[in-house]
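Taking it in order: structure first as C-alpha cells, then the write-up.
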Amino acid sequence: MYLSKVTLQRTTQTAKLFLELGAKGSYASHQLLWQLFLGETERGFLFREEMTPQGLPEFYVLSLNPPQGELALFNIQTKVFNPQLSDGQRLSFKLRVNPTICVTDSEGRSKRHDVVMHAKHKSKQAGEHDQTKLKVIMDNAAHQWISNEKRLAEWGVSLDFLPEIERYTQHQGVKKAVNKISFSSVDFQGTLTVKNPVVFVERLKKGFGRSKALGCGLMLIRPI
Numbered sequence: 025m026y027l028s029k030v031t032l033q034r035t036t037q038t039a040k041l042f043l044e045l046g047a048k049g050s051y052a053s054h055q056l057l058w059q060l061f062l063g064e065t066e067r068g069f070l071f072r073e074e075m076t077p078q079g080l081p082e083f084y085v086l087s088l089n090p091p092q093g094e095l096a097l098f099n100i101q102t103k104v105f106n107p108q109l110s111d112g113q114r115l116s117f118k119l120r121v122n123p124t125i126c127v128t129d130s131e132g133r134s135k136r137h138d139v140v141m142h143a144k145h146k147s148k149q150a151g152e153h154d155q156t157k158l159k160v161i162m163d164n165a166a167h168q169w170i171s172n173e174k175r176l177a178e179w180g181v182s183l184d185f186l187p188e189i190e191r192y193t194q195h196q197g198v199k200k201a202v203n204k205i206s207f208s209s210v211d212f213q214g215t216l217t218v219k220n221p222v223v224f225v226e227r228l229k230k231g232f233g234r235s236k237a238l239g240c241g242l243m244l245i246r247p248i
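Below you can see the structure in the form of C-alpha cells.
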C-alpha cells in the first residue's frame with residue numbers, strides 16, 4: 025500500500041479542468057483522482073479531500089499501487105504504507121465517514137438512511153424544533169454509530185473516549201450527466217487503542233463505512 029499527498033499545480037490547465045468537473049460536485053474529486061490510476065479497471069484507492077489556506081484542494085490518497093500522474097497537473101508525494109502496530113498501542117486518528125442505518129418501513133421494505141439526518145427527522149416528527157437540542161441529538165446519533173461495540177470489534181480497535189465531531193457535511197453531485205449523487209459525511213477526530221493489529225490494518229486498507237469512492241473511509245493515524 026502507498027499513502028500519498030496530492031496537490032494540483034496552479035496552471036491554466038488545472039483551472040480549466042475544475043471548470044469542466046465543477047458541475048459534478050462531490051463526484052468531481054473521484055473522477056479527478058482516477059487520472060492517477062488510468063491503467064486500473066477497478067478502484068484501488070481511498071481518498072480524503074482537504075482545502076489549503078490558499079483555497080486549493082489537496083488529497084490524501086491510500087492506494088494499492090503508487091499513483092502516476094502528469095507532472096504538469098499534479099504534485100505527488102508518496103511513501104510506502106505498512107504500519108507496524110501492536111496490541112494495546114494508542115493512536116490519534118482523523119476519519120471522514122458516511123454513517124448510515126438500515127430502516128424498515130411499515131411495509132417491511134428496508135432502506136439506508138443517513139444516521140444523523142434520520143435522528144433529526146425523528147426528533148422533529150416528535151415535536152422537537154429547538155436547534156440547540158437538535159444539534160445535540162444529531163451529535164449523539166453520530167457518536168452512537170462510531171462507538172457501536174460490534175462495529176469497533178470488526179475494526180479491531182476500541183475508542184479511548186468519544187471522538188470530537190469536527191463537522192457534518194451534506195454533499196451533492198452528478199455522475200454521468202443524469203445520475204444525481206447525494207450523501208452525508210461526518211468528520212471525527214480522537215484517539216483509539218488497537219485491539220487486533222491484523223484486523224485493524226486490513227480495515228485501514230479497505231476503508232471505513234460507506235461512500236468510499238466519494239472521499240469517505242480513509243482513516244489517518246498517528247502514534248501517540
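As numbered in the numbering used here, residues 25 to 248 make up the sequence shown, in order. Think of the CB as a built atom: it goes at the ideal place given N, C-alpha and C, for glycine as much as any other residue.
From which residue to which residue does the alpha helix (DSSP H) around Phe224 run?
Secondary structure note for Phe224: its alpha helix (DSSP H) is the uninterrupted segment 221–230.
Per DSSP, cross-strand counterpart(s) of Gln213
As DSSP reads the structure, Gln213 sits in a beta bridge with Lys118, Glu188.
Within 8 Å, strictly: CB atoms of Tyr84 and Leu242
Contact flag set, yes.
Euclidean distance between Cα positions of Asn89 and Leu56:
Asn89 and Leu56 have their alpha carbons spaced roughly 17 Å apart.
In this structure, does DSSP put Thr35 in helix, strand or coil?
Three-state DSSP puts Thr35 in coil, outside helix and strand.
Are the region 108–123 and the region 210–223 touching by the rule of at least three beta carbon pairs closer than 8 Å?
Three or more beta-carbon pairs separated by less than 8 Å link the region 108–123 to the region 210–223, which places the two stretches in contact.
Using 8 Å as the threshold, is the C-beta distance between Ile170 and Ala143 below it?
No. Outside cutoff.
Can you name the start and end residues of the alpha helix (DSSP H) that Glu173 belongs to?
It spans 173–179 - the alpha helix (DSSP H) in which Glu173 sits, taken as one unbroken run.
Which two residues bound the contiguous beta strand (DSSP E) that contains Gln101?
98–104 is the extent of the beta strand (DSSP E) around Gln101.
Rounded separation between Gln78 and His137 - CA only
The C-alpha of Gln78 lies about 35 Å from the C-alpha of His137.
Determine, using beta carbons only, whether Leu60 and Gly93 come nearer to each other than 8 Å.
Annotated as proximal: Leu60 and Gly93, with beta-carbon spacing under 8 Å.
So what's Thr76 in DSSP terms, helix, strand or just coil?
If DSSP states are grouped into helix, strand and coil, Thr76 belongs with coil.
Pick out whichever of Ser53, Val104, Phe224 has its Cα sitting closest to the Cα of Met25.
It is Val104.
Closest by CA to Asp184, which one among His167, Ser53, Thr193, Met141?
Closest option to Asp184, Cα to Cα, is His167.
So if DSSP puts His145 in a beta bridge, which residue, or which two residues, is it bridged to?
Beta bridge pairing from DSSP links His145 with no other residue.
Are Ile245 and Arg114 closer than 8 Å when you measure CB to CB?
Result no, Cβ atoms of Ile245 and Arg114 do not sit closer than 8 Å.
Span of the alpha helix (DSSP H) holding Asp163?
Unbroken alpha helix (DSSP H) run through Asp163: 155–170.
Does DSSP classify Ser53 as helix, strand or coil?
In the three-state scheme derived from DSSP, where H, G and I count as helix and E and B as strand, Ser53 is classed as helix.
Coarse secondary structure for Leu238, derived from DSSP in three states:
Of the three classes helix, strand and coil, the one that applies to Leu238 here is helix, per DSSP.
Use the C-beta contact count for Lys135: other C-beta atoms within 10 angstroms, 16 or more gives buried, fewer gives exposed.
Counting every other CB atom within 10 Å of its CB across the protein chains shown gives Lys135 a total below 16, marking it as exposed.
Is Gly112 buried or exposed, if buried means 16 or more other CB atoms sit within 10 Å of its CB?
By the 16-neighbour rule on beta-carbons within 10 angstroms, Gly112 is exposed.
Can you have a look at Trp58 and say buried or exposed, based on whether 16 or more other CB atoms are within 10 angstroms of its CB?
Around the beta carbon of Trp58, fewer than 16 other beta carbons sit within 10 angstroms, so the residue counts as exposed.
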